[in-house]
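Here numbering that gives the first Met the number 0 is used: the sequence shown runs in plain steps of one and ends on residue 227. Every residue gets a Cβ at the ideal spot worked out from N, C-alpha and C, and that includes glycine. Remarks on the structure that follows.
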Amino acid sequence: MASRTIGEVEDALDDALSWRRVELQALGAAIAEAERSSPGSPLARALARSGVAMLYAHWEGFVKESCQCYVDFVARRRLRLDELNEDLVRTVLQSLSRRAAGGDESSIAALVEAVTRPTVARARFQKGGIVDTKSNLRYAVLAEIMTAIGFPVSSFATRDKLIDRTLCDGRNGIAHGRSMYPAPGSFAVLHAEVMEMMEEIRDLILAAVRQQGSDKVVIGVSAGLVDG
């Protein structure tokens, strides 16, 4: 069920973040205890490896869940094209163009209206077509998602190696059975960095939602009408 109010969005994001935080804290405590009591043991190494995989899983999962929550919220506002920022106007028109090229008559009509009557036309894009982590949430994929919904990605640019190599490549290596073993104590550092990024995503979304609620129009954020 898509969130309909600002309060529902806040609750959804807090819930999505809180259970992930609890699980990662529990795993971190187990890793620290194993590294302290039996450093270099198979258990300590296995827990450290699972820590990297879980950090990536929660990072990708939260980005997908929270950004989709935002898209679903703004979609319900049924804003006109002239109320959208440039990034989402581009996203909407690209989606319509792809579907029109495939012969979809309703998309052709919507595209014509979007071009000829932007102050009347409602934004329409295919449900589920914007927030796609591609099962490998590298920095380029994150930037694509953030840009499509009208959020700045500059603060994540300095973390591209963390996102690509440490998280994504690390998860892939462990999931594919490679002998990648994190250094003792590295989970706590990576955990803090991942939580910081997830909290930043949450804060960006909440700031945009609250701004929309107070201004009644989109200013620097995006919205759309999702096709059923």
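Query: Alpha carbon of residue 62 to alpha carbon of residue 8, nearest angstrom; Result: 14 angstroms
Query: Cα-Cα separation, residue 185 to residue 140; Result: 25 angstroms
Query: Element boundaries [alpha helix (DSSP H), containing residue 230]; Result: Residue numbering for the chain in the displayed model covers 0 to 227; residue 230 lies beyond these limits and cannot be assessed.
Query: Residue 98 to residue 200 span [Cα, whole Å]; Result: 30 angstroms
Query: Residue 208 (DSSP reduced to helix, strand or coil); Result: helix
Query: Cβ contact (3+ pairs, closer than 8 angstroms) linking the stretch 54-69 and the stretch 158-175; Result: yes
Query: Per-residue DSSP class, three states only, for residue 79; Result: strand
Query: Separation of residue 73 from residue 152, as counted between CA atoms; Result: 19 angstroms
Query: Extent of the continuous alpha helix (DSSP H) to which residue 157 belongs; Result: Where residue 157 is concerned, there is no enclosing alpha helix (DSSP H), given that its DSSP letter is neither H nor E.
Query: N- and C-terminal bounds of the alpha helix (DSSP H) containing residue 41; Result: 41-74
Query: Start-to-end residues for the alpha helix (DSSP H) that takes in residue 138; Result: 138-147
Query: Helix, strand or coil at residue 129 according to DSSP, with G and I counted as helix; Result: coil
Query: C-alpha distance - residue 118 paired with residue 83, whole-angstrom precision; Result: 11 angstroms
Query: CB of residue 150 within 8 angstroms of CB of residue 205, strictly; Result: no
Query: Local Cβ density within 10 Å of residue 218, reported as buried at 16 or more and exposed below that; Result: In this predicted model, residue 218 has a pLDDT of only 35, less than 50, meaning its place in the structure is not dependable enough to derive any value.
Query: N-terminal and C-terminal residue of the alpha helix (DSSP H) that residue 172 is part of; Result: 169-174
Query: Beta-carbon gap between residue 48 and residue 173 smaller than 8 angstroms; Result: yes
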